[in-house]
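Novice: Chains as they are written, first to last, in the numbering used here: chain A, 1 to 132; chain B, 1 to 132; chain C, 1 to 132; chain D, 1 to 132.
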DNA sequence: GTGGTCTAGACCACG
DNA sequence: GTGGTCTAGACCACT
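#1: By the criterion of Cβ-Cβ separation under 8 Å, what are the contact partners of residue 104 of chain C in chain D?
#2: Compare the C-beta of residue 31 of chain C against all C-beta atoms of chain B and say whether one is closer than 8 Å.
#3: Would residue 29 of chain B and residue 1 of chain B be called neighbours here (beta carbons separated by less than 8 Å)?
#4: Is it the case that the Cβ atoms of residue 11 of chain B and residue 46 of chain B are separated by a distance below 8 Å?
#5: When burial is assigned at 16 or more other CB atoms within 10 Å of the CB, is residue 102 of chain D buried or exposed?
#6: Give me the residue from B/92, B/32 and B/100 with the minimum Cα distance to residue 67 of chain B.
#7: For residue 78 of chain A, collect the residues of the same chain with a Cβ closer than 6 Å to its Cβ; drop the 5 residues on either side in sequence, then sort them by chain order.
#8: Indicate whether residue 86 of chain A and residue 38 of chain A have their beta-carbon atoms separated by less than 8 Å.
#9: Is it true that the segment 88-103 of chain D meets the segment 104-121 of chain C, where meeting means three or more beta-carbon pairs spaced less than 8 Å apart?
#10: Please report the residue range of the beta strand (DSSP E) in which residue 68 of chain A lies.
#11: Between the segment 84-99 of chain D and chain C, which residues of the former have CB atoms less than 8 Å from a CB of the latter, in chain order?
#12: Considering only their Cβ atoms, is the gap separating residue 52 of chain A from residue 76 of chain A smaller than 8 Å?
#13: Is there a C-beta anywhere in chain A that falls below 8 Å from the one on residue 8 of chain D?
#14: Identify every residue that forms a DSSP beta bridge with residue 74 of chain C.
#15: Rounded to whole angstroms, how far is the Cβ of residue 5 of chain D from the Cβ of residue 17 of chain D, which I believe are closer than 8 Å?
#16: What do you get for residue 71 of chain D, buried or exposed, if any count of 16 or more other CB atoms within 10 angstroms of its CB means buried?
#17: Applying the criterion that 16 or more other CB atoms from any shown protein chain within 10 Å of the CB defines a buried residue, is residue 109 of chain C buried or exposed?
#18: So, using beta-carbon positions, are residue 83 of chain D and residue 114 of chain C closer together than 8 Å?
#19: Inspect the beta-carbon positions of residue 92 of chain A and residue 99 of chain B and report whether they are closer than 8 Å.
#20: Applying the criterion that 16 or more other CB atoms from any shown protein chain within 10 Å of the CB defines a buried residue, is residue 44 of chain B buried or exposed?
#21: Cα-Cα, which of A/54, A/50 and A/22 is closest to residue 80 of chain A?
#22: Return helix, strand or coil for residue 95 of chain C, following the three-state DSSP convention.
#23: Would you report the Cα separation of residue 69 of chain B and residue 19 of chain B, rounded to the nearest angstrom?
#24: Going along chain C in order, which residues have a C-beta closer than 7 Å to the C-beta of residue 37 of chain B?
#25: Would a check of beta-carbon distances place residue 40 of chain A closer than 8 Å to chain D?
#26: I'd like to know whether the C-beta of residue 132 of chain B is nearer than 8 Å to at least one C-beta of chain C.
#27: CB-CB under 8 Å to residue 130 of chain C, same chain, minus the five flanking residues each way: which ones, in chain order?
#28: DSSP state of residue 84 of chain B, grouped into three classes?
#29: Only counting the same chain, and skipping five residues up and downstream in sequence, which positions put a Cβ closer than 8 Å to that of residue 65 of chain B?
#30: Quick one: Cα of residue 61 of chain B to Cα of residue 8 of chain D, how far?
#31: Report the residue from D/112, D/42, D/97 and D/57 whose alpha carbon sits nearest the alpha carbon of residue 90 of chain C.
#32: Starting from residue 43 of chain D, find everything on chain C with Cβ-Cβ shorter than 9 Å and list it in chain order.
#33: Could you run through the segment 10-21 of chain D and flag, in chain order, every residue whose CB is less than 9 Å away from some CB of chain A?
#34: Just the Cα atoms here: how many angstroms apart are residue 49 of chain C and residue 57 of chain C?
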């Protein structure tokens, strides 16, 4: 899977990497049990420090996206990540709240907003078809 | 308008303040031309540093939410904030992208997600009715 | 509170530090809301790297022992850590399992073992009395 | 005796193997003088590296659990492992210390903790009855 | 001055 | 070769 980073972005590199891996999983490009490059390899491939990759991997592990094996390396979690729970929905709402207030001020209607959601879902909805 | 800050939150104070003011505008609690407390008054009222309030005000001014006059003080932008443009939609998508990828991995359907959007829009939809 | 580290120990420094802070909380030497030294200060005081201290603090934060505020620094969680749940008891059993098998082989009786537990509990049971 | 390893566990394979053999001895499933599979047989049987099995066996020998004869192979120590000495109790306390501090913070009482100990002892208490 | 992020380079445990 | 740990030194965001 290809990783594209924007080193000028305000978003920390370790988060950009995390987002791209999660996007890969959502798209089905990264399947359960599939191995991920080792910390060293990934770091070299995308030109960042090992610790930065490690930080991303640790977060993904913590959130149930991947498993990290001592010597065998890193794999996408075989059983997928946990389903959204109440806490997850709550956090999601908290994140969306300010975005929606802002959008309303700029006359973005509910329908406009939901259209964006629909458009973004479309990118992911054909799971496994573009395995690359 | 009442400002509620969570000093234990991960979100920087200046952003929380910004969010709350924008939420106030979205709800209609803060109307165009309405004055906002001066930097030092606001800072004293909510118990934070003047620099922090100033940072928030500068951002809001930059984004067209408020006007800052040397003598007259701070007022909500008389003509309202600019309508969403292409750049705005692009930025919005960028922000939503990782949230949606994550949600998909956790089996949140498009309908689930849009329901949250609808719920949040509801909070704001009665503009001006609950003025303060 | 005094921190004593054994640099020759097999136990990683960041864990030793974590254990000592938790012990301090258990003893009541560290009370809720009480501030902890900043990452830099703690690192300098005990002669280790800032990142190592940071790792400890991040874990303690993650487990609900402390709060980390942007600029105000670090404080013991005001409401204390969460009560043990089922997962906690399960993990505790898993950890104790091999210790007990080993002890049985060495003719340590259940009573012997429970006496050790009692002894260790005693160290902590006078919460707040030795505030130092 | 059956060995069950969790390759996704945080615990190194060589330790898991060691724990299971000790548990077998504690339960009486493995009796003194009873032979253990050779390094290479054991490795093949449970599908791990010979080095890993060797590491486990060397530790068990070092701790007095087994004897390794060049020709006769590996056997459970005929006279059983040494009784717990002062050093052993000291090490046991050291291990339990952080667990108990943590438990206290989570409002696990001494009685709760001792109940877990009792429960785990029960698993082992019928030595020799369920021989294999 | 505080924590957050990133880099560089090193040694160790594991298999 | 893998991840885990530790050090040293740097810049940035926040208040």
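Where is the CB? At the ideal position from N, CA and C, for every residue including glycine.
Specialist: Checking against the coordinates, here is how it stands:
#1: The answer, in chain order, is 26, 121 and 124.
#2: Nearest CB-CB separation between residue 31 of chain C and chain B: not below the 8 Å threshold.
#3: Their beta carbons are under 8 Å apart, which means residue 29 of chain B touches residue 1 of chain B by this criterion.
#4: Taking the C-beta atoms as reference points, residue 46 of chain B is found no nearer than 8 Å to residue 11 of chain B.
#5: By the neighbour-count rule (16 or more Cβ atoms within 10 Å), residue 102 of chain D is buried.
#6: A check of alpha carbon separations from residue 67 of chain B across B/92, B/32 and B/100 identifies B/32 as the nearest.
#7: Exclusion of the five residues before and after residue 78 of chain A leaves 32 and 33 as the residues of its chain whose Cβ lies within less than 6 Å of its Cβ.
#8: No, they are not a contact pair.
#9: With the cut-off at 8 Å, the segment 88-103 of chain D and the segment 104-121 of chain C touch.
#10: Per DSSP, the unbroken beta strand (DSSP E) holding residue 68 of chain A starts and ends at 66-69.
#11: Taking 8 Å as the Cβ-Cβ cut-off against chain C, the residues of the segment 84-99 of chain D that qualify are 84, 88, 89, 92, 93, 95, 96, 97, 98 and 99.
#12: No, the pair does not count as a contact, with Cβ atoms beyond the cut-off.
#13: Taking Cβ atoms only, chain A reaches closer than 8 Å to residue 8 of chain D, which makes this a yes.
#14: According to DSSP, which records beta bridges pairwise, residue 74 of chain C is partnered with C/36 and C/68.
#15: Contact holds; Cβ gap of about 7 Å.
#16: Burial call: exposed.
#17: Exposed is the call here.
#18: Result no, Cβ atoms of residue 83 of chain D and residue 114 of chain C do not sit closer than 8 Å.
#19: Yes, they are a contact pair.
#20: Burial is judged here by how many other beta carbons sit within 10 angstroms of a residue's own beta carbon; residue 44 of chain B has fewer than 16 and is exposed.
#21: Each of A/54, A/50 and A/22 was checked against the Cα of residue 80 of chain A, and the nearest Cα belongs to A/22.
#22: Note: residue 95 of chain C maps to helix in three-state DSSP.
#23: Distance between the alpha carbons of residue 69 of chain B and residue 19 of chain B is about 22 Å.
#24: Going along chain C, no residue has its Cβ under 7 Å from residue 37 of chain B, so there is no contact; the nearest lies around 23 Å.
#25: No, its Cβ sits nowhere closer than 8 Å to a Cβ of chain D.
#26: For residue 132 of chain B, the predicted model reports a pLDDT of 39, less than 50, meaning its position is unreliable and no value from the coordinates is stated.
#27: Note that residue 130 of chain C scores a pLDDT of 44, beneath 50, so its modelled location is shaky and nothing firm can be said.
#28: Looking at residue 84 of chain B - three-state DSSP - the assignment turns out to be coil, as it is neither helix nor strand.
#29: Non-local C-beta neighbours of residue 65 of chain B in its own chain, meaning closer than 8 Å and more than five positions away in sequence, comprise 21, 22, 25, 76, 77 and 81, ordered along the chain.
#30: Computed Cα separation, rounded: 53 Å.
#31: Between residue 90 of chain C and the set D/112, D/42, D/97 and D/57, the nearest pair of CA atoms involves D/112.
#32: Close to residue 43 of chain D, with beta-carbon spacing below 9 Å, lies no residue of chain C; the smallest spacing is near 21 Å.
#33: If the cut-off is 9 Å between Cβ atoms, the segment 10-21 of chain D has 10, 12 and 13 near chain A.
#34: Residue 49 of chain C and residue 57 of chain C: Cα-Cα distance of roughly 13 Å.
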